[in-house]
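Scroll down for the structure; my scribbles are underneath it.
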Amino acid sequence: MQSQTRHHSRNLARLSALAAGVACASLLTACEDASSSAALNKATGDAHIAANKATNAEELANNLRAPAEAAKQAAASGSKGDQSAAALIESSAALASGEDFAQRAALADQDVRRHLTQLSALASAWSRQNALADAAQSFDPSSQIRELQAQIDGLASQISTRRATASELASRLQGVEQQLAGKRTQADTLAQQAGSLATQAAALSARDGVALVEQSTSLARQADALRKEADLLQLQVEELRPQLSEATALAEQAQNQTNRFTQLQQGLRDRQAASRQDAAAARDQAEKVRTELGSSLTSLNTARDTFTSAYDKAGQAFKAAFSAANKASQDAGQSAKVTAGNAQLSLAGLQLMRVQQLESLAAGFTMLVGTQPALPDATALQGTLDEFVTQAKATREDAKASLESAKSQFSGVQGPARERFEQLTSTFEQLTKAPALALGASSPDALLRAAIAASKEARWDDLRALYAPAATPDGQALIEMGIRQSEVGKAANDAVQDKFGKSLIDLLKSSEDTAPLAAMMSMMSSGDLTQLDPATAKVTDRGDGKATISIPGVPMPLRAVKAPTGWKFDGTQMDDLAPMMAGAKPMVDKLLEGMQAFTAKVQSGDLADESAAAAAFADAMKSLMPGG
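Right under this line is the structure:
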């Protein structure tokens, strides 16, 4: 909402400026002598009316098109004043056209950002669906099923044995119980017979009943013997029954365990089948997301094409406005300078709009490139990302140049136009001075190579962007000190190389007096990225978003972390080192100050030869020596 308000305010200010430019053209023709043609006067008047009636840039551009062309034709053979007046109207018309296309570019930019937001959401969905699919696919209960089957197989043997034992015990029990019943029946029969005989003997005389008594007694004894045998059989029954119960219970227990294990197996199989279905569904959903990503990328490119078309036309119109205003500058004075300055200011604003878009695109595509699992077209996305970064840097420099040109045009201009210029330039300068998007690298190895390239090419802001922030001010200060040390060291080495054709260390080695300083500088430059061959470093990616980079001559490996915008050096490592380095900071500051002073002497040409240069370096380092 704030950006829309600023844009609306800028449009109103621009329309006022255009109207002022047309008014100036009117004054120019009014001040001319009779050589000013009626056609030019009419064209100028029409332009003045059009400028005052217009309520937006498109209407103003349309209204000024005809008067501008008429003024150009009318002034073609006229005086310089006529030609300046026509040039101002032409410049105002071009400015209005540029503002119209700039507004169209702003609308297209909204579409670009909307599609970029959609891409971000789709990339997250891609990662999420693939993660769900991987998790579901990874469920493999084969080992658990095998373990359960081994338990079931073992129980099957137990069940068979226990059931056989129970069957045997049941058979034995049945036999004993049958014997027991037979013995008791026989005993009861004999006892009854003995009783019957005893009754009969009692009715006879002692002599006549002797035989019956003897028979009764014999039968009673047999009955007693059978009862004793029955009692023994009863003991066997009482022993066998609990044994049978136990054997039966153990067999049932083993069977129940088998049933539970079988149910667990089936549950695992059912869960595996469901997981495979879930994995397939997630894969299908991921594929749909991938298709949507492709469509969204196409839509993004279409929106970008629309933006680029409007951007290019707006840029051409602003440049045409600047060129036309310059033609009128000698005769139109301050008004022409204001118009030219407005053209350059509008061009700077347009370019900054593109910078912000490109940096947003770069941030979005960094996220796409780093999406896991990798998108099918990740390599192409990386190429597009590199283009965005390159274009953003170049366009940012173009915007700075346009802003400097606007400043030049407004030099000496006073009044409302100057105030309007200062308000706009203050906003633009803040944007141009804002740090570029801090992008990381696509891998730990790419991070090291990017840092080496930035150091060798003295792109210190780019090197700084490759560090994730430290957590403490002291840690951040240590990062800055390291970058400054590289910057100052490279400047000194480059200056010596340009002047004497050798490195600073080789220069110091050439003199016995400065050889110890060469050793000191060699030790301090260990791990210097400007001299490092990436093949000599060992990069270890731990696979958990962290990595280490071991550099020859540096005792402690550098830590790297995977940030949302790519791999970066872990700034929190400097938090750990800051307490140990606190005492060394004053010495390093003196060293760098001395090296800067030495570099300035080399570049100035004050040092006649290598010997003088070595002596100058030694003199610059005196403050580091004891008593220095």
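Just add 675 to the spot in the sequence shown (first one is 1) and you have my numbering. We put the beta carbon where it would ideally sit given N, CA and C, even for glycine. Remember, it's a predicted structure, so these values are computed and weren't measured experimentally.
Item, Value
"Rounded C-alpha distance that separates F1175 from G1269", "20 Å"
"Beta-carbon contacts of F1063 that lie in its chain and below 6 Å, excluding the five residues immediately before and after", "L1033, L1036 and A1037"
"Host beta strand (DSSP E) of A1125 (start-end)", "Per DSSP, A1125 belongs to no beta strand (DSSP E); it is in the alpha helix (DSSP H), P1119 to K1131."
"Exposure of L763, with buried meaning 16 or more beta-carbon neighbours within 10 Å", "buried"
"Anticipated Cβ contact below 8 Å, Q793 with S1077, distance rounded", "With 8 Å as the limit, Q793 and S1077 do not qualify as a contact, their Cβ atoms being about 32 Å apart."
"Spatial distance of Q1071 from A985 (CA atoms)", "Per the sequence shown, the amino acid found at residue 1071 is Arg instead of Gln. Those two C-alpha atoms are separated by around 19 Å."
"For D1216, the first and last residue of its enclosing beta strand (DSSP E)", "K1213 to D1216"
"Sheet register partners of K1243 (DSSP bridge)", "V1236"
"The region 949-968 / the region 764-775 touching (three or more Cβ pairs under 8 Å)", "no"
"Residue range of the unbroken alpha helix (DSSP H) whose run includes S1279", "K1260 to S1279"
"Backbone secondary structure at K1165 - three-state DSSP", "helix"
"Residue environment, T1046, which counts as buried when at least 16 other CB atoms sit within 10 Å", "buried"
"Span separating the alpha-carbon of S802 from that of I1180", "51 Å"
"Delimiting residues of the beta strand (DSSP E) encompassing I1224", "K1221 to S1225"
"Beta-carbon spacing of A898, L865 below 8 Å", "yes"
"4-residue-minimum alpha helix (DSSP H) runs that sit fully inside the region 1011-1091, ordered along the chain", "1053-1084"
"Own chain, CB closer than 6 Å to R779, minus 5 neighbours either side, in chain order", "A985"
"7 Å CB neighbourhood of E852 in its chain, flanking five on each side removed", "V912"
"Boundaries (first-last residue) of the alpha helix (DSSP H) holding T836", "S817 to A877"
"Chain-order list of residues whose beta-carbon lies under 8 Å from that of K1313 (same chain, five-residue window excluded)", "Coverage of the chain is limited to positions 676 through 1303, which leaves residue 1313 absent and any answer about it impossible."
"Identity of the residues DSSP links to Y986 by a beta bridge", "None; Y986 has no bridge partner."
"Cβ distance (whole Å) where V1163 is taken to contact L1252 below 8 Å", "Actually they do not touch by this definition, with Cβ atoms about 20 Å apart."
"Three CB pairs or more closer than 8 Å across the region 1155-1173 and the region 1132-1142", "yes"
"Reference S835; option with closest CA among A926, A1145 and A1018", "A926"
"Inter-residue Cα distance where the pair is K1265 and A1289", "18 Å"
"Start-to-end residues for the alpha helix (DSSP H) that takes in R1139", "W1135 to A1140"
"Inter-residue Cα distance where the pair is I1127 and A1272", "26 Å"
"Helix, strand or coil at Q793 according to DSSP, with G and I counted as helix", "helix"
"Simplified DSSP state of T1205, which is helix, strand or coil", "coil"
"Span separating the alpha-carbon of Q938 from that of G829", "16 Å"
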